[in-house]
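Engineer:
Number of protein chains: 2
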Amino acid sequence: MSDLDLFESLLSCGTVEALHAKTASIAGQLGFDHFIYGVQVNTSLTRPYQFILNGYPKEWRAHYVEHNYQEIDPTYHHCITKRQTIPVIWDSRVFKGSKEAKMRNESREFGLLCGASFAVHGGHGEAAMLSLASSQDSYRAQQDILSLIGKSQLLACYLHEAVQRIVLSKGPLLLTKMELTLREKECLLWAAEGKTGGEIADILQITERTVTFHLQNAGNKMGASNRQHAIARALSMGLIAP
Amino acid sequence: MSDLDLFESLLSCGTVEALHAKTASIAGQLGFDHFIYGVQVNTSLTRPYQFILNGYPKEWRAHYVEHNYQEIDPTYHHCITKRQTIPVIWDSRVFKGSKEAKMRNESREFGLLCGASFAVHGGHGEAAMLSLASSQDSYRAQQDILSLIGKSQLLACYLHEAVQRIVLSKGPLLLTKMELTLREKECLLWAAEGKTGGEIADILQITERTVTFHLQNAGNKMGASNRQHAIARALSMGLIAP
DNA sequence: TTTAAACCTGTCAGATCTTACAGCTAGCTA
DNA sequence: TAGCTAGCTGTAAGATCTGACAGGTTTAAA
Chain A
1296 MSDLDLFESL LSCGTVEALH AKTASIAGQL GFDHFIYGVQ VNTSLTRPYQ FILNGYPKEW
1356 RAHYVEHNYQ EIDPTYHHCI TKRQTIPVIW DSRVFKGSKE AKMRNESREF GLLCGASFAV
1416 HGGHGEAAML SLASSQDSYR AQQDILSLIG KSQLLACYLH EAVQRIVLSK GPLLLTKMEL
1476 TLREKECLLW AAEGKTGGEI ADILQITERT VTFHLQNAGN KMGASNRQHA IARALSMGLI
1536 AP
Chain B
1296 MSDLDLFESL LSCGTVEALH AKTASIAGQL GFDHFIYGVQ VNTSLTRPYQ FILNGYPKEW
1356 RAHYVEHNYQ EIDPTYHHCI TKRQTIPVIW DSRVFKGSKE AKMRNESREF GLLCGASFAV
1416 HGGHGEAAML SLASSQDSYR AQQDILSLIG KSQLLACYLH EAVQRIVLSK GPLLLTKMEL
1476 TLREKECLLW AAEGKTGGEI ADILQITERT VTFHLQNAGN KMGASNRQHA IARALSMGLI
1536 AP
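So the protein lines, in turn, are chains A and B. Counting in my numbering, the first sequence runs from 1296 upward without gaps. Counting in my numbering, the second sequence runs from 1296 upward without gaps.
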């Protein structure tokens, strides 16, 4: 079975449980003992929606949540907050602050001796990351990570796609149903550029009433309570570009 | 030199020309004779901005543009229009329509015998793709593509990051050092959640006038023309990301 | 042919935002 | 002491947005 077939088998998982098992299996075949996948959708800025597939030791995960380590975790910041596209390999340069180093040392005690994190961003504003870790810390184990970095990144891409199909399409957001029409996007885009209704009307050669209409429709689709909210949602969900 | 070092060398390219040469070199080392990278940003929805790094035969590229093949190109639709995250390997299932098959056959005449396309999406709404092609069409060449698919995907990620850095460093907005006060960020965040001035006043236990004051100051700092604009800028500049 | 979606337009009262004026305190630093 | 910054507050006219009313065309799929 080629690597690609292996990854594609993720796409045929029908349930979260099957996906979890399959991912654990593939990670194991690549030589990783632990994995964790998380995706975040900024449907709300103060309370973003998160879905997590946890293949880490439960104790460490509990410890992480309890200490609110997401706040300081540099891999989280790299992949999710800063939305980088390249992977990050866990080394001392990454965990350079004292708090970060402390967190890293604690994670070692739970068996996460070396590893790397991979980012995937979907087209609907969601940011995801996959972390793969080994309970070996030998030079050999670290070299293995480097040599497997391409396959690992690809695993992240396929896993994200699989999660997308299983969870996000059925999830509370119905991202796929939140498609905006061309006019709605145009109006939102110009509104985000600071244009008033009248100015947008001039730009698009329609009446101000129609601009209001499109912005209203867009806002309703996204559950926005006013124009500002609609713009913020469209931006953070990647429906329009700044 | 490990693969990772090779990919990371892309990040130190200072110019588009250097990046082009380096990418061609890396693609060559992976066994690909041709590459093309394109990124699309929907700044204008009717005429989106595109940046392309063309390592395809010039004749084919000209032919592609002349016939407006972007309209029917299934790899473009997969990576850019539909914003998928997984790669697509060029086979007959992909180019299944008659127009698509015609396009594919013509591309073969220009030396693009087998290949694959890889998608990367950044966190700011941009969609990018990297296509890698070989002028060999042997079973061996096709197997090589499959075995190199992980590295190819990773190349796409690094190339995208490199393009981001070069384009952003030349960009007109070098406002990353913009600093907002705590109150300004708080007000912006709640405004982005759709709260009105009065509601934010209640939340922060200050008067509505003061909310207006902070939002005004934040807007002035960012050169925003109104509240919507300030929210959009703060979001796209990552100033109020939680 | 019917249906649906995208698109477009009008009026109008009331809520909200913008921008101008003006003035206050607290804390820090030169 | 003076100067600066962050934070806070007030008034008021005019611009802009919101929401609820009501109506229309075009296009493409069922």
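Glycine residues also receive a C-beta, built at the ideal position from the N, C-alpha and C atoms. Quantities reported herein were computed from a predicted structural model and do not represent experimental measurements.
Excluding sequence positions up to five away, which residues of its chain have a Cβ less than 6 Å from the Cβ of T1471/B?
Structural biologist: The count along the second sequence starts at 1 and reaches residue 1471/B at position 176. Because T1471/B sits at a pLDDT of 39, beneath the cut-off of 50, its placement in the model cannot be relied upon, and the point is left open.
Engineer: Using a Cβ-Cβ cut-off of 7 Å (strictly less than) and excluding sequence neighbours within five positions of Y1364/B, which residues of its own chain qualify?
Structural biologist: In the second sequence, the residue the question calls residue 1364/B occupies position 69. Within the same chain, Y1364/B has close Cβ partners M1398.
Engineer: Determine the direct distance from the alpha carbon of A1313/B to that of S1405/B, and round the result to whole angstroms.
Structural biologist: Within the second sequence, residue 1405/B is the residue found at index 110, counting from 1. Within the second sequence, residue 1313/B is the residue found at index 18, counting from 1. With the sequence shown as reference, residue 1405/B is identified as Phe, and Ser is not the correct amino acid for it. If I take the Cα positions, the gap works out to 25 Å.
Engineer: Give a yes or no on whether the minimum CB-CB distance between V1415/A and chain B is below 8 Å.
Structural biologist: Within the first sequence, the letter at position 120 stands for residue 1415/A. Taking Cβ atoms only, chain B reaches closer than 8 Å to V1415/A, which makes this a yes.
Engineer: Beta carbon of C1452/B, beta carbon of A1414/B: below 8 Å?
Structural biologist: Your numbering for residue 1452/B matches position 157 in the second sequence. Your numbering for residue 1414/B matches position 119 in the second sequence. No, they are not a contact pair.
Engineer: Is the distance from the Cβ of G1350/B to the Cβ of H1372/B below 8 Å?
Structural biologist: The residue labelled residue 1350/B in the question sits at position 55 within the second sequence. The residue labelled residue 1372/B in the question sits at position 77 within the second sequence. No, they are not a contact pair.
Engineer: Quick one: what's got a C-beta closer than 8 Å to L1469/B's C-beta in the same chain, skipping five residues either side?
Structural biologist: Here residue 1469/B refers to the residue found at position 174 of the second sequence. Residue placement at L1469/B is poorly supported in this model, since its pLDDT is 34, which falls under 50; the coordinates still yield a value, given next. So the list is empty, once near-sequence residues are dropped.
Engineer: Would a C-beta distance cut-off of 8 Å place L1450/A and L1425/A closer than the cut-off?
Structural biologist: For this step, residue 1450/A is matched to residue 155 along the first sequence. For this step, residue 1425/A is matched to residue 130 along the first sequence. Yes. Within cutoff.
Engineer: Between the region 1424 to 1453 of chain B and chain A, which residues of the former have a C-beta closer than 7 Å to a C-beta of the latter?
Structural biologist: L1441, I1444, G1445, K1446, Q1448, L1449, C1452 and Y1453
Engineer: So which residues on chain A does A1411/B lean against when the C-beta distance must stay under 9 Å?
Structural biologist: Residue numbering aside, residue 1411/B sits at position 116 when the second sequence is read from its first letter. Here the premise fails: no neighbours, minimum Cβ distance about 10 Å.
Engineer: Report the residues of the region 1312 to 1329 of chain B with a CB closer than 8 Å to any CB of chain A, ordered along the chain.
Structural biologist: Flagged: no residues at all.
Engineer: Under 9 Å, CB to CB, which of the residues in the region 1379 to 1403 of chain A have a partner in chain B?
Structural biologist: Q1379, T1380, I1381, P1382 and I1384
Engineer: Put S1237/B into one of helix, strand or coil per three-state DSSP.
Structural biologist: Because residue 1237/B is not part of the residues shown, which for chain B are 1296 to 1537, the question remains open.
Engineer: Taking 6 Å as the limit between beta carbons, can you name the residues of its chain near Y1332/B, skipping five residues before and five after?
Structural biologist: The sequence position of residue 1332/B within the second sequence is 37, counting from 1. Apart from sequence neighbours up to five positions away, the residues of its chain that approach Y1332/B with a beta-carbon distance below 6 Å are L1348, L1425 and L1454, ordered along the chain.
Engineer: Should L1301/A be listed as close to the ligand NAP, given that the test is whether its C-beta is under 7 Å from any heavy atom?
Structural biologist: Absent from the structure shown: the ligand NAP. Ligands present: none.
Engineer: Going by C-alpha distance, which of E1354/B, Q1459/B and H1362/B is nearest H1416/B?
Structural biologist: Taking the first residue of the second sequence as 1, we reach residue 1416/B at position 121. Comparing Cα positions, the closest option is Q1459/B.
Engineer: Does any residue of chain A bring its CB to less than 8 Å from the CB of N1515/B?
Structural biologist: As a working mapping, residue 1515/B is identified with position 220 in the second sequence. With 8 Å as the cut-off, N1515/B does not count as an interface residue toward chain A.
Engineer: Any contact of the region 1296 to 1305 of chain B with the region 1501 to 1514 of chain B, i.e. 3+ C-beta pairs under 8 Å?
Structural biologist: no
Engineer: Between T1376/B and S1412/B, how many whole angstroms is the CB-CB distance? I'm expecting something under 8 Å.
Structural biologist: Numbered from 1 along the second sequence, position 81 holds the residue referred to as residue 1376/B. Numbered from 1 along the second sequence, position 117 holds the residue referred to as residue 1412/B. With 8 Å as the limit, T1376/B and S1412/B do not qualify as a contact, their Cβ atoms being about 13 Å apart.
Engineer: In or out: A1525/B buried (at least 16 other Cβ within 10 Å) or exposed?
Structural biologist: Position 230 of the second sequence, counting from 1, holds the residue named residue 1525/B. That one is buried.
Engineer: Express the C-alpha separation of G1493/A and I1461/A in angstroms, rounding to a whole number.
Structural biologist: As a working mapping, residue 1461/A is identified with position 166 in the first sequence. As a working mapping, residue 1493/A is identified with position 198 in the first sequence. Going by the C-alpha atoms only, they are around 43 Å apart.
Engineer: How should T1341/B be labelled, buried or exposed, when 16 other C-beta atoms within 10 angstroms of its C-beta is the threshold for buried?
Structural biologist: The residue labelled residue 1341/B in the question sits at position 46 within the second sequence. Legend: pLDDT at T1341/B = 44, less than 50; position of this residue unreliable, no value from coordinates given.
Engineer: For S1339/B, which residues from the same chain have a beta carbon less than 8 Å from its beta carbon, with the 5 sequence-adjacent residues on both sides left out?
Structural biologist: The sequence position of residue 1339/B within the second sequence is 44, counting from 1. Caution applies to S1339/B, whose pLDDT of 43 falls short of 50 and renders its modelled position unreliable; the value that the coordinates give is listed next. Contacts found: none.
Engineer: Give me the residue from H1362/A, Q1500/A and I1444/A with the minimum Cα distance to V1383/A.
Structural biologist: By 1-based counting over the first sequence, the position of residue 1383/A is 88. Taking only the C-alpha atoms, the option nearest V1383/A is I1444/A.
Engineer: So, at 8 Å on beta carbons, what are the nonlocal neighbours of C1409/B in its own chain, with the 5 sequence-adjacent residues on each side left out?
Structural biologist: Working through the second sequence from its first residue, we reach residue 1409/B at position 114. Closer than 8 Å at Cβ, skipping near neighbours: W1385, A1428, S1429, Q1431, D1432, A1436, Q1437 and I1440.
Engineer: Can you grab the Cα-Cα spacing for the pair G1514/A / A1322/B, in whole Å?
Structural biologist: Position 219 of the first sequence, counting from 1, holds the residue named residue 1514/A. Position 27 of the second sequence, counting from 1, holds the residue named residue 1322/B. For G1514/A and A1322/B, the distance between alpha carbons rounds to 45 Å.
Engineer: Between L1301/B and chain A, is the shortest Cβ-Cβ distance under 8 Å, so that the two count as touching?
Structural biologist: Walking along the second sequence from the start, residue 1301/B turns up at place 6. Chain A, which has no Cβ nearer than 8 Å to the Cβ of L1301/B, makes this no.
Engineer: Starting from the beta carbon of N1521/A, find every residue of chain B whose beta carbon is closer than 8 Å, and list them in chain order.
Structural biologist: If you number the first sequence from 1, residue 1521/A lands on position 226. Within 8 Å Cβ-Cβ: G1489 and T1491.
Engineer: Output, in chain order, the set of chain B residues within a Cβ distance shorter than 9 Å of S1307/A.
Structural biologist: Indexing the first sequence from 1 puts residue 1307/A at position 12. In chain order: nothing, as chain B lies at least about 13 Å away.
Engineer: Hey, is S1304/B's beta-carbon within less than 8 Å of any beta-carbon in chain A?
Structural biologist: Along the second sequence, one-based indexing puts residue 1304/B at 9. No, S1304/B lies away from the interface with chain A (no Cβ there is under 8 Å from its Cβ).
Engineer: Check V1383/A in the structure and name its three-state DSSP category.
Structural biologist: Translated into positions along the first sequence, residue 1383/A becomes position 88. Residue state, collapsed to three classes: strand.
Engineer: Return no unless some Cβ of chain A is closer than 8 Å to the Cβ of A1357/B.
Structural biologist: As a position in the second sequence, residue 1357/B is number 62, starting the count at 1. So no, A1357/B is outside the interface.
Engineer: Could you tell me the alpha carbon to alpha carbon distance between A1357/A and S1402/A, rounded to whole angstroms?
Structural biologist: Translated into the one-based positions of the first sequence, residue 1357/A becomes position 62. Translated into the one-based positions of the first sequence, residue 1402/A becomes position 107. Each residue's alpha carbon lies about 11 Å from the other.
Engineer: By alpha-carbon positions, which one of T1380/A, I1367/A, L1484/A and Q1324/A ends up nearest to S1273/B?
Structural biologist: No answer is possible for residue 1273/B: it lies beyond the span of chain B, which begins at 1296 and ends at 1537.
Engineer: What is the DSSP secondary structure of R1424/A, reduced to helix, strand or coil?
Structural biologist: Here residue 1424/A corresponds to residue number 129 of the first sequence, with the count starting at 1. It should be pointed out that residue 1424/A corresponds to Met in this sequence rather than to Arg. Strand at M1424/A.
Engineer: From which residue to which residue does the alpha helix (DSSP H) around Y1351/B run?
Structural biologist: Stepping through the second sequence from its first residue, residue 1351/B is reached at position 56. No alpha helix (DSSP H) contains Y1351/B, which DSSP labels as neither H nor E.
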